[in-house]
Structures are given as C-alpha cells and as structure tokens.
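K.L.:
In the working numbering, the protein residues as written are 17 to 588. For reference, the structure I am asking about is given below.
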Ligand code: WT7
C-alpha cells in the first residue's frame, strides 16, 4: 500500500485564488531587481542551505558504469568549467553549444555555461552535420563542447562557421589527435575551482537557447532568460510534486527542453536528487533502473509508455517498483489506455502535462489531487491563463466541445523572449493579446482541455518535432530527387513517423536500394528522427494551380481522412 502524503500544491482551487509568481520568488529568496543566475541557484544556493553533501546526481551508463555527484560536486564542477571557458576568452551572452550524449559533462557543462553568463545551446547528439550547421549558423555560436564520438560532425562544417572559435573535446585521453583550434578538457583531471563568482545575470539576461522546428523556414532558436527559473522551480514543485527525499528520474535528453527545464533546472533548484540513465530503451533496463535507485518520481513520455505497454506485464512483475510515488508524462497526447494501464500495473496513473519549447515550463496539466479524466490534459497551472480561440477569428470561444486554438496570456516567467535572429516569426506567435501555441483542443464543461492535434504540418514523432520543410530541403540535395513532399503517417508506438513522397530526376528508376540510400542520406545529414520510415516514389505530386505542393492531400490519405476542398488542385 502506498501511504498518502499531502501533495506540495495542496488544493488547486485554493492556489488559483491566492496565486502569484512571487510565491516562487520568496521561496527562492529572490527579490525583483536582484541578480538571478540559474546555475548559482542550482548549486551554490543549495550548498548554502546545508545540502552540500547531499547526492544531487546519479548517472548510469552502458554496462552499469555509475558516477555520483553531491551538490558540492555540482558547484565545483560548474565553477571549474565556467573558469575554463573564461580562460578561453568566452564572454557573457556568447552561445556555447553542448553536443554530447547524456554523459555527466552535458549536465555539468550546462551549469558551467550559465554560471559564466554565456548562453547554453544544447543540441541533440544524434543530429547530423546539416542539422547542426543551420542551428550553429543561426545562433552564431562561439564554442561547441563535444566528445570524440561526435566531433567529426563539427569538423565537417567548421569552415562554414566563421563565428565558431573553439571546439572543446571533453573525453580526450590524449590518445586520438585533436586538430588545430580544438582543445581538450577533462573534468576529472582539471584542478577544481573552489571560488568562482557566478555572473551577475539579471532576470532578463539570456540563458538557454533550444531549437524547435516549424512548418516553414529553418528551425527557430527559442530564447529563454534566467527568470525562467521562477516557473521551472514552482512547476517542478507542484506538478512533479518533488520533495527533499525524492529520487527523481526524467527520461528526456537535455538536447530538448524537457531535459533542461525538468532534467536540470527544476530538480536541482529544489535540491532534489536525480538519476540519469544513458542507455537505449529496453523495458527490462528501465524497470531495473527504477528498482535499483528506488525511483519515486518518474517523468516520461507517451512513446516510452506505449513501448512499455507493448513489452507486457510479465517484465513488470520481475521487478520491485514499489518505490514509485508519482508519475507524469509530456511531449505527445497521452492516450487514455496508457493512463488506465499504468494505474493497473504500477498502481499509479500517469499525469499528463502539456507545454512547449517556447513556453519553457508546464502550461496545462493534471496536478496531484486533481480528478484524472484519461485522455484529457486537465487544467492550466495556477498563474497560467489558457483559452481556446476561434480557428478563423482568433477570438476567445467560451463554448464547450468546439475545436479551437490553444492560446495563453503572455507574461509567465519562463515564456520565450524571442526567436533568435527571427523577429518576424516571433511576432506571428501573437494575436489579439494571446500567445498562440499552434495546437488545437476542446474544453469540456468542467474546464478540462482535450488535445486534438497540431494546427500545422509539423510532425511529432516520439515526442520530437520534425519539420517537413527541413526534410524536403535535404531530400532535394540528393542527386536522384527532383521533388518531394514530406508528411506524417500514423505509427502504433511513435504516434507519427515521417513519410516522404518523391519524384525522381529523368533517367533515375525507383528501387529498394535507392529508397534505403535516400533514407540513410537523411539520417546522416539530419537525424534518425527525421529519417523517413517510408519513401513512396511517385510520377507526380498534387499541386495547387500556383504550383505549391499540397501536403494536405497526401497526409489525409495516410490517415484515411476526407481530403477536403481540392478545388485548387492542378491535377486530380
Ligand atoms: C508540442 C511541443 C514540452 C516538452 C516537449 C515538447 C506537443 C507536448 C503534449 C501533451 C499533447 C503535446 C504539442 C506541442 N505536446 N505536450 N501533453 N499532449 N501534445 O516540446 O518539441 O516544443 O513540442 O508537442 O503539439 O505544441 P516541443
């Protein structure tokens, strides 16, 4: 039997009434106008509170390799990394990219960059050179922190990046040669820096830059500021319900926003111990990890839950998972079946949480103690005013059951402050005083939000957004491809996967080999997520009279939906 202990939030209704973000400011000891440095709050402050020797971080890699860090270790490591960067001449607000697997240096490096007052730009380590290039170009990144495993992808594009001054290799054993302009750094060998004055960043100083994909144009760099801590701290406390004696596991990679907002900043600003597993997915390995570290709070994603469901209940029974106390999910629609299943096999339901790279923190969610309606995202976090806008007029709808656009009143602390070097795209995110999420939902008579789908063509595969435009652009670089259209197709586990329709250049014939070659081309240049799971060769693509390819028609076919108005089609 689980003992029921009161949740951190207590009563949702009561918090709605008395809510102010100053609750978090007061708890953190921050007064408006003070310096605010996320890394200082996650390390130095926790040590000052008497938790210096508390375990902050347990890392597990392949073959059971394990490393442990206390909050004092985090403080020293971030000092050491920040002062190393400073020695290289890296200055405040310059962008430092972290391009690594989920090794400890990724987490510690992130804190080091913020402590220096530079901007942390984490990029998913499975990105290929083309994905990397557009993001480093847009951010005019000064330095990349990486490992031998990934450095070749950076070397390949270096000449195209005039702003890139430093490549830092963090796992150099002196065995493999480095190239000119590359420098080795070993946290284990470096002399720990006891005192480092965290940069006196202010609320609006830039902190983290995550890239997200849209329907058109290149990926957008979402600019966050140090004040985001206020939202991240309070949502981690109330939604994830984190407490002092928790063992927390966030399964997201810090290459994506969940992995930084709730895989670094949330738990550590609360002084909570977190565990990280840096091995590929397997149900047995995951349950083993929960059992071994007695995980109490688990934040995961629907694709992972569906994979666990597929692995079955026998493997669950092989493990003692009784330490689990609270479960939450993010990134994609959480199916009703997944909630019912987890209640049955773990004795606990997954709590949904809805947000975006742009929102920086959780927006709509099932808070502890709130009634769960499986399949619904539940209600806005206190302090968040969310509504549905009419699809055509962008006016608030105030009617239940009708599909509208999810919109949020601007002004919460973790809201993006802009898209990097892309003011125009940022302006398009606002209408009639609302921030537009780009998602559709309905609201029921109890005020619960039900996710319907995206309002654009962006593909959400396993919780990761893929831009059809980005994939189409790279497809055109392949010598056999004349034209292409990229859409989503349904997938049992990943919800959606990428499918490409391709017309070939004269003289090129469709074949299985060519299909594989093109798939690999995308995987290497962009990433395994963006790789089409299917390529359909076709003699022509549906177009409007003005020559625009109509993805909508192809997508509707994949999903078995009505095609809708095709009166502007050129050939049907
Ligand atoms: C998009 C944002 C925020 C963390 C990871 C994703 C979809 C996110 C849910 C949910 C249904 C969801 C939306 C959103 N999404 N959470 N609980 N239910 N859909 O961040 O990569 O910026 O993606 O993911 O479409 O707009 P992101």
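Quick reminder that beta carbons are idealized off the backbone N, C-alpha and C, glycines included.
#1: How close, in whole Å, do the beta carbons of residue 381 and residue 394 come, if the pair is a contact with beta carbons under 8 Å?
#2: By DSSP, does residue 451 sit in helix, in strand, or in coil?
#3: Tell me, to the nearest whole angstrom, how far the beta carbon of residue 13 is from that of residue 245; I am working on the premise that it is less than 8 Å.
#4: To the nearest angstrom, report how far apart residue 592 and residue 222 are at their CA atoms.
#5: Can you give me the start and stop residues for the beta strand (DSSP E) that residue 74 sits inside?
#6: For the alpha helix (DSSP H) that residue 325 lies in, which residues bound it at each end?
#7: Identify every residue that forms a DSSP beta bridge with residue 517.
#8: Taking the Cβ atom as the reference point for each residue, do residue 160 and residue 150 lie within a distance shorter than 8 Å?
#9: Could you check if residue 253 is buried or exposed, using at least 16 other CB atoms within 10 Å of its CB as the buried criterion?
#10: For residue 267, verify whether its CB is less than 7 Å away from any heavy atom of the ligand WT7.
#11: Tell me, which residues are paired with residue 63 by DSSP?
#12: Shortest alpha-carbon distance to residue 423 belongs to which of 434, 436, 437, 444?
#13: My assumption, with CB atoms under 8 Å, is that residue 441 sits in contact with residue 487. Please give the rounded CB distance.
#14: Counting pairs of Cβ atoms below 8 Å between the stretch 427-439 and the stretch 230-248, do you hit three or more?
#15: Check whether the Cβ atoms of residue 567 and residue 501 sit closer than 8 Å, and answer yes or no.
#16: Since residue 115 contacts residue 147 with CB under 8 Å, what's their CB separation in whole angstroms?
#17: Does the distance from the C-beta atom of residue 263 to that of residue 311 stay below 8 Å?
#18: DSSP state of residue 486, grouped into three classes?
#19: For the stretch 337-392, list the alpha helix (DSSP H) runs that are entirely contained and at least 4 residues long, ordered along the chain.
#20: Measure how close the beta-carbons of residue 135 and residue 225 come, nearest whole angstrom, since I'm counting them as under 8 Å.
#21: Identify which residue in 129, 95, 125, 480 has its Cα closest to the Cα of residue 108.
#22: By how many angstroms is the C-alpha of residue 461 removed from the C-alpha of residue 36?
#23: What I want to know is whether the C-beta of residue 470 ends up closer than 7 Å to one or more non-hydrogen atoms of the ligand WT7.
#24: Can you give the Cα-Cα distance for residue 587 and residue 550, rounded to whole angstroms?
#25: Just to confirm before moving on: does the CB-CB distance between residue 335 and residue 359 stay below 8 Å?
P.N.:
Concretely, from the data shown:
#1: In the chain shown, residue 381 corresponds to position 365, counting from 1. In the chain shown, residue 394 corresponds to position 378, counting from 1. The Cβ separation is near 6 Å, so the contact holds.
#2: Your numbering for residue 451 matches position 435 in the chain shown. The answer is strand: DSSP assigns residue 451 an E or B state.
#3: A query on residue 13 cannot be resolved here, the shown segment of the chain reaching from 17 to 588 and no further.
#4: Coverage of the chain is limited to positions 17 through 588, which leaves residue 592 absent and any answer about it impossible.
#5: Within the chain shown, numbered from 1, the residue matching residue 74 stands at position 58. Where residue 74 is concerned, the enclosing beta strand (DSSP E) stretches over 71-76.
#6: In the chain shown, the residue the question calls residue 325 occupies position 309. 318-327 is the span of the alpha helix (DSSP H), which, as asked, contains residue 325.
#7: Position 501 of the chain shown, counting from 1, holds the residue named residue 517. Looking at the DSSP assignment, residue 517 forms a beta bridge with 501, 552.
#8: Taking the chain shown and counting its residues from 1, one reaches residue 160 at position 144. Taking the chain shown and counting its residues from 1, one reaches residue 150 at position 134. No, they are not a contact pair.
#9: Within the chain shown, numbered from 1, the residue matching residue 253 stands at position 237. It counts as buried.
#10: What you label residue 267 is simply residue 251 of the chain shown in a count that begins at 1. Residue 267: no, Cβ never under 7 Å from the ligand WT7.
#11: As a working note, residue 63 is residue 47 in the chain shown. For residue 63, which the question treats as bridged, DSSP gives no partner whatsoever.
#12: Position 407 of the chain shown, counted from the start, is the residue given in the question as residue 423. Out of 434, 436, 437, 444, 444 has the C-alpha closest to the C-alpha of residue 423.
#13: Translated into positions along the chain shown, residue 441 becomes position 425. Translated into positions along the chain shown, residue 487 becomes position 471. With 8 Å as the limit, residue 441 and residue 487 do not qualify as a contact, their Cβ atoms being about 19 Å apart.
#14: yes
#15: Your numbering for residue 567 matches position 551 in the chain shown. Your numbering for residue 501 matches position 485 in the chain shown. Yes, the pair counts as a contact, with Cβ atoms nearer than the cut-off.
#16: By 1-based counting over the chain shown, the position of residue 115 is 99. By 1-based counting over the chain shown, the position of residue 147 is 131. No, residue 115 and residue 147 are not in contact; Cβ-Cβ is about 11 Å, not under 8 Å.
#17: Numbered from its first residue, the chain shown carries residue 263 at position 247. Numbered from its first residue, the chain shown carries residue 311 at position 295. Closer than 8 Å, so yes.
#18: Position 470 of the chain shown, counted from the start, is the residue given in the question as residue 486. Here residue 486 sits in helix by DSSP.
#19: 352-362
#20: In the chain shown, counting from the first residue as 1, residue 135 sits at position 119. In the chain shown, counting from the first residue as 1, residue 225 sits at position 209. Confirmed, about 5 Å.
#21: Here residue 108 is taken as the residue at index 92 of the chain shown, counted from 1. Answer by Cα proximity: 129.
#22: For the purposes of this step, residue 36 is identified with residue 20 of the chain shown, where counting begins at 1. For the purposes of this step, residue 461 is identified with residue 445 of the chain shown, where counting begins at 1. Going by the C-alpha atoms only, they are around 26 Å apart.
#23: Sequence index remark: in the chain shown, residue 470 carries index 454 (1-based). Flag set: Cβ of residue 470 near the ligand WT7.
#24: The residue labelled residue 587 in the question sits at position 571 within the chain shown. The residue labelled residue 550 in the question sits at position 534 within the chain shown. Annotation note: pLDDT 45 at residue 587 (below 50); position unreliable, no value reported.
#25: Locating residue 335 in the chain shown gives position 319, counting from the first residue. Locating residue 359 in the chain shown gives position 343, counting from the first residue. Contact: no.
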